[in-house]
Amino acid sequence: MDVVKEVLAKHQKELEKYKPITVEKHLECRLDVGSLLITDPNDFDDRELRDNKEEYLAALTRENTQLLVNAIWELSTERVDESIVAKLPEPTTVLPRLRKPPGPRPLTKWEKFAKEKGISKKKKDKKTYDETMDKWVPTYGFKRAEAEKAKDWVLEVPQNADPNTDMFQKKIDLRNEKVAKNEIQRMKNIVRAKKIDMPRSGYLGPEAASSSQLLTAVTVAKSSTASVGKFQNKLPKEKEARGLGIKELIPGGKRKQSHISQTPEKEANLDLIKSVLNKKPRLDVDKAISMEKRDNRLAREAEAENEPTKKGNKKPKGKGSRKAVGKKSKGNRGQRAPGKKAQAGRKRR
Numbered sequence: 001m002d003v004v005k006e007v008l009a010k011h012q013k014e015l016e017k018y019k020p021i022t023v024e025k026h027l028e029c030r031l032d033v034g035s036l037l038i039t040d041p042n043d044f045d046d047r048e049l050r051d052n053k054e055e056y057l058a059a060l061t062r063e064n065t066q067l068l069v070n071a072i073w074e075l076s077t078e079r080v081d082e083s084i085v086a087k088l089p090e091p092t093t094v095l096p097r098l099r100k101p102p103g104p105r106p107l108t109k110w111e112k113f114a115k116e117k118g119i120s121k122k123k124k125d126k127k128t129y130d131e132t133m134d135k136w137v138p139t140y141g142f143k144r145a146e147a148e149k150a151k152d153w154v155l156e157v158p159q160n161a162d163p164n165t166d167m168f169q170k171k172i173d174l175r176n177e178k179v180a181k182n183e184i185q186r187m188k189n190i191v192r193a194k195k196i197d198m199p200r201s202g203y204l205g206p207e208a209a210s211s212s213q214l215l216t217a218v219t220v221a222k223s224s225t226a227s228v229g230k231f232q233n234k235l236p237k238e239k240e241a242r243g244l245g246i247k248e249l250i251p252g253g254k255r256k257q258s259h260i261s262q263t264p265e266k267e268a269n270l271d272l273i274k275s276v277l278n279k280k281p282r283l284d285v286d287k288a289i290s291m292e293k294r295d296n297r298l299a300r301e302a303e304a305e306n307e308p309t310k311k312g313n314k315k316p317k318g319k320g321s322r323k324a325v326g327k328k329s330k331g332n333r334g335q336r337a338p339g340k341k342a343q344a345g346r347k348r349r
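Under UniProt numbering, the first residue of the sequence shown is numbered 1, with each subsequent residue one higher.
Right under this line is the structure:
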């Protein structure tokens with residue numbers, strides 16, 4: 001009997017190490033399994049928090065985590081690669097964000113072209129059979145470079161090339177050029193995705209660049225100084241790229257061309273003073289004629305007002321006065337012809 005009691009006591013001590021999966025709360029906790037979030041609205045026990053703070057918070061955290069795990073085990077599950085996976089529902093809690101959620105990644109130039117032409121990406125095998133080496137070699141990645149070195153242990157020199165040319169170094173340089181070209185294309189894809197204005201390219205090499213691109217590269221390089229290329233000497237018979245101004249040459253800020261020139265400062269200041277002092281006002285002939293006519297008309301009107309009349313200082317009456325002319329109106333029958341004598345009408349009785 002003593003042995004049985006000892007076994008039972010030992011078993012009871014082992015069970016005390018594990019907490020029960022059932023948790024009782026005064027207020028029910030709010031669960032959001034989609035976000036793996038649990039909210040406990042119950043108040044803290046002030047006495048337990050004051051006496052045993054660490055142990056009380058650890059026990060409270062374990063209970064809330066147990067409730068969340070119990071809710072996860074109630075969901076529908078499936079087996080993926082010998083593992084049991086639970087399907088989480090849609091989250092119900094709206095979490096605040098500093099920035100908007102990222103959108104879909106924009107397609108690269110090649111991906112857009114492949115989508116338009118219907119080109120699908122084929123998955124490459126990890127190993128391919130090489131007939132020259134008569135064995136399976138990795139297609140990419142680990143030990144691929146060793147396989148290439150073992151395969152190309154000797155290289156043929158073309159007939160039109162220099163017999164002293166190092167073909168191995170030439171092959172390495174060609175590979176480095178391809179890597180650099182791919183890196184440039186990757187950076188262009190990033191710039192195109194972010195919709196940023198790309199600066200003009202520099203020297204692209206005689207094989208890849210045309211004559212207009214080389215002229216543009218030379219002009220951009222010469223204007224990349226503080227004086228915007230004012231003090232850069234030109235070669236004989238050197239051409240300049242057409243259609244390139246200061247704003248096109250310098251990407252980003254809108255800079256004005258420098259006022260500094262190759263002429264000395266004293267001569268430049270003297271030329272500026274001469275241009276200001278020798279500047280004559282612009283003469284408007286039509287305006288001068290109209291002003292002269294206006295002055296003559298005002299002078300004639302002033303003389304007519306100051307001229308004395310025969311009967312004192314009274315002003316003479318105009319031609320349109322009825323008493324001076326002694327003629328009747330035509331009863332609104334039109335205007336009299338100028339220079340024609342009016343016929344005598346019937347006298348009124």
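Every residue, glycine too, gets a C-beta built ideally from N, C-alpha and C.
> Is it right to say L277 is buried, meaning 16 or more other beta carbons lie within 10 angstroms of its own, or is it exposed?
Replying inline: exposed
> Would L67 pass as a contact of V23 if the rule is Cβ separation under 7 angstroms?
Replying inline: yes
> In the DSSP assignment, what are the bridge partners of A86?
Replying inline: T77
>> Quick check: the Cα distance between V179 and D173, rounded to an integer number of angstroms?
In response: 10 angstroms
> Going by beta carbon distance, what residues of the same chain come within less than 7 angstroms of I21, once the five residues before and after it are set aside?
Replying inline: Q66, N70
>> Can you list, in chain order, the residues of its chain with a C-beta nearer than 6 angstroms to that of T128? Leave out the 5 residues immediately preceding and following it.
In response: T139
>> Using the Cβ count rule (16 or more neighbours within 10 Å means buried), how would you classify T225?
In response: exposed
>> Short of 7 angstroms in beta carbon distance, which residues of its chain neighbour I72, apart from the five on each side in sequence? Order them along the chain.
In response: V33, A86
>> Taking the straight line between their C-alpha atoms, what separation do you get for E54 and I190?
In response: 50 angstroms
>> So for L31, helix, strand or coil by DSSP?
In response: strand
> How is L274 classed by DSSP in three states: helix, strand or coil?
Replying inline: One detail in the question is off: residue 274 reads as Lys in this sequence, not Leu. Residue state, collapsed to three classes: helix.
>> Check whether the segment 77 to 94 and the segment 29 to 43 touch, using three or more Cβ-Cβ pairs below 8 angstroms as the test.
In response: yes
> What number of angstroms, rounded off, separates the C-alpha of E177 from the C-alpha of R30?
Replying inline: 60 angstroms
> Between G253 and the rest of its own chain, which residues show a CB-CB distance below 7 angstroms, the 5 nearest in sequence each way excluded?
Replying inline: Reliability fails at G253, whose pLDDT of 47 lies under 50, so the model's placement of it is uncertain and the value that follows must be treated cautiously. Counting only Cβ-Cβ distances below 7 angstroms, and skipping sequence neighbours, we find nothing.
> Taking the C-alpha atoms as reference points, what is the distance between E82 and V3?
Replying inline: 42 angstroms
>> On the criterion of 16 or more Cβ atoms from any shown chain inside 10 Å, does S212 qualify as buried, or is it exposed?
In response: exposed
> Should V220 go down as buried or exposed, given a rule of 16 or more other Cβ atoms within 10 Å for buried?
Replying inline: buried
>> For V157, which residues in the same chain have their Cβ closer than 7 angstroms to its Cβ, ignoring the five residues on either side in sequence?
In response: P163, T165, M167
> Where in the segment 78 to 166 do unbroken runs of the alpha helix (DSSP H), each at least 4 residues long, occur, reported from the N-terminal end onward?
Replying inline: 109 to 117, 144 to 151
> At which residues does the beta strand (DSSP E) containing L8 begin and terminate?
Replying inline: L8 -> not in any beta strand (DSSP E); alpha helix (DSSP H) instead, spanning 2 to 17.
>> Between R62 and K25, how many whole angstroms is the CB-CB distance? I'm expecting something under 8 angstroms.
In response: About 13 angstroms; that fails the 8 angstroms criterion.
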